[in-house]
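Right, here's the structure in full:
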């Protein structure tokens with residue numbers, strides 16, 4: 156005999172499929188929703204459908220967008236000759252927050268990962284190559300995470316782009332601002348040593 | 156100029172209102188959903204509406220239920236003379252998991268908390284009193300959390316129930332099974348000392 160209504164269990168299943176939400180966390184969210192008034196829950200469900208139906212991937216950078224071309228790719232004031240390659244849309248948001256970068260983006264929607272069986276075909280690499288092939292790109296900045304899969308992906312893309320003669324760079328990695336040498340892990344210190352600069 | 160489509164921002168707002176989910180976590184969930192196929196997202200939204208519309212509070216124990224009386228309260232094999240008072244529906248699930256308790260429940264849907272401005276009227280206490288008044292209850296087990304608000308709530312309920320002459324008990328608190336004295340916090344050790352038993 157199930158403890159809670161079947162419809163509650165089904166909604167819990169849906170929440171538990173979201174990344175980073177376990178079964179108990181999902182149940183907690185569902186219980187919360189069951190105590191909200193029905194109109195608010197309907198509005199939430201409606202927003203979910205609306206967001207999904209109105210969202211496409213920008214035909215240029217592959218970021219999520221409401222139009223065929225996203226506002227960043229449409230922006231004439233940005234430098235269309237520089238592409239910053241990131242793994243996920245949230246990485247675009249992170250780079251935009253620093254208000255310094257004025258080029259365009261390319262969202263891979265994942266990284267190449269032999270251990271998680273993600274091959275180059277599982278990320279939007281073909282679209283990146285097409286953009287570079289079309290010409291007009293002077294630099295591609297690889298901004299994948301500084302971890303095994305992120306590095307693998309960056310190296311793979313760098314090799315693919317070599318024939319095109321564009322400048323390919325990678326974000327600098329080292330001690331985070333405000334960080335302590337004492338608490339930094341070995342890999343970070345290694346990267347920081349590796350990338351040391353003349354003063 | 157917003158970075159992501161308006162509908163995506165609106166859905167993020169809804170997720171960010173859920174307990175324990177911040178703005179960044181909400182965005183992460185939304186990005187994930189935007190990459191799922193539209194039918195799956197519609198199914199999720201439909202499950203949300205269905206769960207909320209089909210769920211009521213059991214007129215006896217106030218737990219969430221699909222019928223006017225929940226399966227536990229309806230179960231003739233359970234001991235209808237014992238009530239276990241918990242703060243939330245998820246606490247019912249936790250007690251049920253130990254497969255030992257055979258009485259009924261009463262879900263308060265919150266705790267009394269002077270610091271968070273939750274008065275006795277904000278929890279389902281009236282309904283508990285009505286059940287006890289009706290008679291047939293021999294014991295009320297207070298199973299609120301062992302923290303300030305949980306203790307306040309338990310003490311308040313214990314005092315309210317005194318005139319009815321029912322046995323009022325509280326869950327035992329002490330070292331968790333598998334725990335280490337070395338790592339236990341002072342309050343837990345204090346409770347464990349307080350509740351020590353003869354060997």
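Chains as they are written, first to last, in this note's numbering: chain A, 156 to 354; chain B, 156 to 354.
Glycine included, C-beta positions come from ideal geometry on N, C-alpha and C.
A quick note: this is a predicted structure, and the numbers were derived from the prediction, not measured.
Cβ-Cβ distance between residue i and residue j below 8 Å
i: residue 262/B; j: residue 216/B; result: yes
i: residue 330/B; j: residue 339/B; result: yes
i: residue 336/A; j: residue 316/A; result: no
i: residue 214/A; j: residue 223/A; result: yes
i: residue 187/B; j: residue 173/A; result: yes
i: residue 323/A; j: residue 297/A; result: yes
i: residue 203/B; j: residue 199/A; result: yes
i: residue 207/A; j: residue 193/B; result: yes
Spatial neighbours of residue i in its chain, beta-carbon cut-off 8 Å, leaving aside the 5 residues before and after
i: residue 236/B; result: 258, 291, 292, 293 and 294
i: residue 305/A; result: 242, 266 and 299
i: residue 189/B; result: 163
i: residue 140/A; result: Shown here, chain A extends from 156 to 354; a query on residue 140/A therefore has no answer.
i: residue 277/A; result: 265 and 267
i: residue 211/B; result: 219, 220, 221, 222 and 223
6 Å Cβ shell around residue i - same chain, five flanking residues per side excluded
i: residue 167/A; result: 181, 182 and 185
i: residue 275/B; result: 267
i: residue 279/B; result: 217, 263 and 264
i: residue 105/A; result: Outside the displayed range of chain A (156 to 354) lies residue 105/A, so it cannot be described from this structure.
i: residue 328/A; result: 301 and 346
i: residue 234/B; result: 257 and 258
i: residue 350/B; result: 327 and 329
i: residue 178/B; result: 171
Reduced DSSP secondary structure (H/G/I, E/B, other) of residue i
i: residue 224/B; result: coil
i: residue 317/A; result: helix
i: residue 234/A; result: strand
i: residue 324/B; result: strand
i: residue 199/A; result: helix
i: residue 176/B; result: coil
i: residue 170/A; result: helix
i: residue 159/B; result: coil
Cut-off 7 Å between Cβ atoms - residues of its own chain near residue i, not counting five sequence neighbours on either side
i: residue 273/A; result: 265, 266 and 267
i: residue 247/A; result: 218, 241, 260 and 262
i: residue 244/A; result: 218, 219 and 262
i: residue 196/A; result: 188
Residues of the stretch 209-222 of chain A whose Cβ lies closer than 7 Å to any Cβ of chain B, in chain order: 209, 210, 219, 220 and 221
Could you name each continuous beta strand (DSSP E) segment of 3 residues or more that falls completely within the stretch 242-300 of chain B, going from the start of the chain to the end? 258-262 and 294-297
Any residues in the stretch 178-194 of chain A with a beta carbon nearer than 8 Å to a beta carbon of chain B? Which ones, in chain order? 179, 180, 182, 183, 184, 185, 186, 187, 188, 189, 190, 191 and 193
Of all the residues that make up the stretch 248-278 of chain B, which are near chain A by a beta-carbon distance shorter than 8 Å? Residues of the stretch 248-278 of chain B with a Cβ closer than 8 Å to any Cβ of chain A, in chain order: 248, 251 and 264.
Looking at chain A, which residues of the stretch 321-334 of chain B have a Cβ within less than 8 Å of any of its Cβ atoms? Here the close residues number zero.
In the stretch 166-178 of chain B, which residues sit with their C-beta less than 9 Å from some C-beta in chain A, listed in chain order? 166, 167, 168, 169, 170, 172, 173, 174, 175 and 176
Note down, in chain order, all residues in the stretch 219-243 of chain B with a beta-carbon under 7 Å from any beta-carbon belonging to chain A. 219, 220, 221, 226 and 243
Along the stretch 278-294 of chain A, what residues have a CB closer than 7 Å to any CB found in chain B? none
When Cβ atoms are compared, which residues of the stretch 293-322 of chain A fall closer than 8 Å to chain B? The stretch 293-322 of chain A vs chain B, Cβ under 8 Å: nothing.
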